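The structure under discussion appears below in the form of structure tokens.
2 protein chains.
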Amino acid sequence: MRGRPVLYNDKHLIEKAQEIFWKKGYTATSLGDLLKVTGAGSGSFYNTFKGGKKEVFRKSILQRREAFNQFKKELRESESPLDLIKDFFRSIAQADKETHLKGCIIANSVVEMAHVDNDLELEAVNILKEVEQMFSDAIRKAQELQKINNHTDPQILGRYLITFWCGLNTLRRMYPDRETLLHQIEMQLAVIS
Amino acid sequence: MRGRPVLYNDKHLIEKAQEIFWKKGYTATSLGDLLKVTGAGSGSFYNTFKGGKKEVFRKSILQRREAFNQFKKELRESESPLDLIKDFFRSIAQADKETHLKGCIIANSVVEMAHVDNDLELEAVNILKEVEQMFSDAIRKAQELQKINNHTDPQILGRYLITFWCGLNTLRRMYPDRETLLHQIEMQLAVIS
DNA sequence: TTTATTTTGTATTAATCATTCCATAAATAG
DNA sequence: CTATTTATGGAATGATTAATACAAAATAAA
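Listed in order, the protein sequences are those of chains A and B. Going by UniProt numbering, the first sequence opens with residue 1, and the numbers climb by one from there. Going by UniProt numbering, the second sequence opens with residue 1, and the numbers climb by one from there.
Written out as structure tokens, the structure is:
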């Protein structure tokens, strides 16, 4: 194939873009921010992303979706997926303050996009619904194997967990503190046991 | 007092500003938006708010805090404040789609402000902590009066409710639907009974 | 009625925004 | 070596941003 070789492949650009979008959100991140953090000039940037800022953001959250799919794969190979999920919630308490302040880029996007961009809002909502489905499946399995005593409809409990996830996204900013968070996480997980 | 009479008092400006901030958030709301929606020119605007956009936003969420204080006053005069709080949660399910998409301006602000404006972040976090305190107080009272069976530390349960509030702020955007929300709300409230 | 004081509306500024354009660089095919 | 193709960096564009400057308007005090 002819032509000058690509210096900034889209994967690298998306990774760097994701970092800054995660911190500042969609609107507050300028194209200048994106160029600075990726090291690319606007020429290269628009060469790889004809859709501009919006396209990169969409691909940023889709990349996060991939990370989530990886976790889902681990769950499928696990004996007790619900325990993995619970440990994941517990691990949140161990994060550092900077990470707490960033929160979850998907949950953040649902809040930001409502009256900013409808397509991106829907994209983020759908990812959260996939996570919810993963929660429900794990709970159903645990119920079938008699591993938990709570026999509430797994759909309700899955929604309980996704609600908790989104609530935790704010709680950790209020109390970016290991002790406090771990207490609350254990309390909420105890409902599903 | 001498001088041309004020045409746009600050209370009116804040009210109108709050509406648009609530919808679009801080960053996505331009000064042009604010001028259009208030009807004021930039002269009047900066005459009443030397601090510009940031000052109006701060006063917008402080005004929301006042509305919350009003509710707190009702609670103090009530026999069973926890029941009032529960009914308040239930009433969320009855809102229309537009209202669901707006969500809670304070919870929204905590998410948006983390890496945008530290002062405003703290302001919003403090308001949420006040709400949490109100939850805890109501729960303590209900426990003392033997009105509920759950005897978990009221602080933990207060944090459970504020976490739920923030989670609901996203869940209602995922499912802006009366049935779904009411189901989830009842399930979560059942924990405190 | 004149003077002092304050608000208002608009024009202006200066900065930043997202995007496009284009000459140049760097590769391959012929 | 030459022609062709593609990517790059940065200048240029035009829109939008937040904020200021200032003359005109509207009032009250003197």
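All C-beta atoms in this analysis are idealised placements derived from N, C-alpha and C, irrespective of residue type, glycine included. All values reported here derive from a predicted model rather than from experimental measurement.
Distance, A28(A) Cα to R159(A) Cα
If you take the alpha carbons of R159(A) and A28(A), they lie about 30 Å apart.
Cutoff 9 Å: A17(B) Cβ touching any chain A Cβ
So, not an interface residue.
Short CB-CB distance (under 9 Å) between V37(B) and chain A
No, because no Cβ of chain A sits closer than 9 Å to the Cβ of V37(B).
How is Y175(A) classed by DSSP in three states: helix, strand or coil?
Y175(A) falls in the coil class under three-state DSSP.
What did DSSP end up calling L7(A) once you bin it into helix, strand or coil?
It is coil, neither helix nor strand.
Are the CB atoms of F49(A) and F21(A) within a distance shorter than 9 Å?
Taking 9 Å as the Cβ cut-off, F21(A) and F49(A) do not qualify as a contacting pair.
Residues of chain A with CB under 7 Å from G167(B), in chain order?
Around G167(B), the beta-carbon contacts reaching into chain A at under 7 Å are T163, F164, C166 and G167.
Measure from the C-beta of M1(B) to each C-beta in chain A and report whether the shortest distance is under 9 Å.
No, M1(B) does not count as interfacial toward chain A.
Which whole-angstrom value describes the C-beta separation of R90(B) and Q18(B), a residue pair presumed to lie in contact below a C-beta threshold of 8 Å?
Not confirmed; about 25 Å, so no contact.
May I have the straight-line CA-CA distance separating P5(A) from S44(A), to the nearest angstrom?
A straight line joining the alpha-carbon of P5(A) with that of S44(A) spans about 11 Å.
Using a Cβ-Cβ distance under 9 Å, would M174(A) count as near chain B?
Output row for M174(A): interface = yes.
In chain B, which residues lie with their C-beta within 7 Å of the C-beta of L31(A)?
Neighbours of L31(A) across chain B, judged by C-beta separation under 7 Å, do not exist; the nearest C-beta is about 15 Å away.
How would you list, in chain order, the residues of chain B whose beta-carbon sits under 8 Å from the beta-carbon of V131(A)?
Within 8 Å Cβ-Cβ: nothing; V131(A) doesn't reach chain B, min ~11 Å.
For K129(B), which option in K147(B), I162(B), Q146(B) and T152(B) has the closest C-alpha, if you only look at C-alpha atoms?
Comparing alpha-carbon positions, the option among K147(B), I162(B), Q146(B) and T152(B) lying closest to K129(B) turns out to be I162(B).
Beta carbon proximity, A93(B) to chain A, threshold 9 Å:
With its beta carbon at least 9 Å from every one in chain A, A93(B) lies outside the interface.
Are three or more beta carbon pairs between the stretch 172 to 184 of chain B and the stretch 113 to 127 of chain B nearer than 8 Å?
Taking a cut-off of 8 Å on C-beta distances, the stretch 172 to 184 of chain B does not touch the stretch 113 to 127 of chain B, as fewer than three cross pairs fall below it.
Closer than 7 Å by C-beta to residue 196(A): which residues in its own chain qualify, once you throw out the five before and the five after it? Chain order, please.
With chain A running from 1 to 193 in the structure shown, residue 196(A) is simply not present.
Would you mind sorting A107(A) into buried or exposed? The rule is 16 or more other CB atoms within 10 Å of its CB.
Here A107(A) is buried. Its C-beta has 16 or more other C-beta atoms within 10 Å.
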